[in-house]
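Heads up: the structure comes next, in structure tokens.
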Amino acid sequence: MQFCQKCGRLLVKKRTRFVCDKCGQAAKGKVKIRTSEKMAEKTKIGVLKDKESNVWPVTSATCPKCGNKTAYFWSAMARAQDEAETRFFRCTKCKNTWRESH
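So that you can map any letter, position 31 of the sequence shown is 31 in the numbering used here, and since no number is skipped, the others follow by simple counting.
Have a look at this one:
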């Protein structure tokens with residue numbers, strides 16, 4: 001970048017020359033424009049996929065398929081909001097999923 005010798009403003013390109021917008025002073029010789037930017041290194045964010053990990057809490061529940069005594073659980077509103085929520089279970093051993101309505 002180059003600045004005007006008279007008023008100190010930044011010179012802008014007008015056709016083939018660099019000229020001051022305020023006073024009209026033209027640059028002598030060629031003008032080199034260089035810019036640089038420092039960027040911080042991006043930190044990677046881990047993404048969990050359903051097959052890789054289960055992030056649900058574990059409770060004691062008997063799997064109807066294999067008889068295992070522990071299962072992951074979560075709850076959701078399966079019907080209207082005035083009804084009780086439905087609890088879902090997934091066996092920690094065979095991955096069978098079942099639900100329990102209240």
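All C-beta atoms in this analysis are idealised placements derived from N, C-alpha and C, irrespective of residue type, glycine included.
All figures in this text were calculated on a predicted structure; none of them were measured in a lab.
- Which whole-angstrom value describes the C-beta separation of residue 69 and residue 94, a residue pair presumed to lie in contact below a C-beta threshold of 8 Å? Wrong, their Cβ atoms sit about 12 Å apart, outside the cutoff.
- Query: Can you tell me the Cα-Cα spacing of residue 20 and residue 34, whole angstroms?
  - Reply: 18 Å
- Message: Just verifying my parser: in three-state terms, what is the DSSP assignment at residue 100?
- Response: strand
- Query: Which residue comes first and which comes last in the beta strand (DSSP E) that contains residue 108?
  - Reply: In the structure as shown, the chain begins at 1 and stops at 102. Residue 108 is therefore absent and cannot be evaluated.
- Message: Please classify residue 80 as buried or exposed, where buried requires at least 16 neighbouring CB atoms within 10 angstroms.
- Response: exposed
- Item | Through-space distance from residue 75 to residue 63, alpha-carbon basis | Looking at the two C-alpha atoms, the distance is approximately 17 Å.
- Would a C-beta distance cut-off of 8 Å place residue 72 and residue 90 closer than the cut-off? yes
- If residue 18 sits next to residue 5, beta carbons under 8 Å apart, how far is it from one beta carbon to the other, in whole angstroms? Distance from residue 18 to residue 5 at the Cβ level is roughly 12 Å; contact not present, criterion being Cβ atoms closer than 8 Å.
- Collapsed DSSP secondary structure at residue 60 in the structure displayed: Correct three-state label for residue 60: strand.
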